[in-house]
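In terms of numbering that gives the first Met the number 0, the sequence shown opens at residue 0 and continues consecutively.
The C-beta atom is built at its ideal place from N, Cα and C for all residues, glycine as well.
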Amino acid sequence: MMIKKVSSFTLLMPLIFLLTVFIYYPGLTGSYVLDDNANILQPTGIAMKKLSWQDLQNAALSMEKRPIARASFGLNYLVAGFNPFYFKLTNIVIHSINALLVFFISLFLLRQLKKTGQTCLSARRISLIALAISLGWSLHPINLTNVLYVVQRMNSL
0 MMIKKVSSFT
10 LLMPLIFLLT
20 VFIYYPGLTG
30 SYVLDDNANI
40 LQPTGIAMKK
50 LSWQDLQNAA
60 LSMEKRPIAR
70 ASFGLNYLVA
80 GFNPFYFKLT
90 NIVIHSINAL
100 LVFFISLFLL
110 RQLKKTGQTC
120 LSARRISLIA
130 LAISLGWSLH
140 PINLTNVLYV
150 VQRMNSL
């Protein structure tokens, strides 16, 4: 029987994602705050009734700016109504995906340094450094409001 070597990506990607979700999970129980009311609860276009191009367009254009974030609010409403738990959960998932992107960008840049002879780090160390950079960014307290303050999804996207 042949045993395949598990790549570092197979282990590190779920670790980054799950640790980020675990750290922010306690904040899911909070309610809407500050600008959430004016940007999410008041605009009528966000309350999508069905998954259609017209409803998605109405949600995206429910206010003048940030149509991608507004469309995501509309999709959130379609799935779970105005329950803030699910809006915040979506923010955590977006933040976790961004943490994975930070990991891959860091990994790419570190590999480029190795390729050009500017570092002699092993592949394992490069992966660990990329992991540390990703987790450092993902779990840094400065990101707390971007993740748990629902309207700040506009920054995360």
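- In this structure, the CA atom of threonine 118 is about 6 Å from the CA atom of leucine 112.
- Here glycine 73 really is in contact with methionine 47; their C-beta atoms are around 4 Å apart, less than 8 Å.
- In the three-state DSSP reduction, histidine 139 falls in the coil class, being neither helix nor strand.
- Going by DSSP, alanine 58 is part of the alpha helix (DSSP H) stretching over 52 to 59.
- Straight across, the Cα-Cα distance linking arginine 124 with leucine 109 is about 10 Å.
- Nearest neighbour of asparagine 75 by Cα position, chosen from Leu127, Ile141, Asp34 and Lys87, turns out to be Lys87.
- Around the beta-carbon of serine 71, 16 or more other beta-carbon atoms lie within 10 Å, marking it buried.
- Remark: fewer than three beta-carbon pairs, one from each stretch, lie closer than 8 Å, so the stretch 56 to 63 and the stretch 128 to 148 are not flagged as touching.
- Ranked by Cα distance from serine 61, the options Ala37, Leu156 and Arg152 are led by Ala37.
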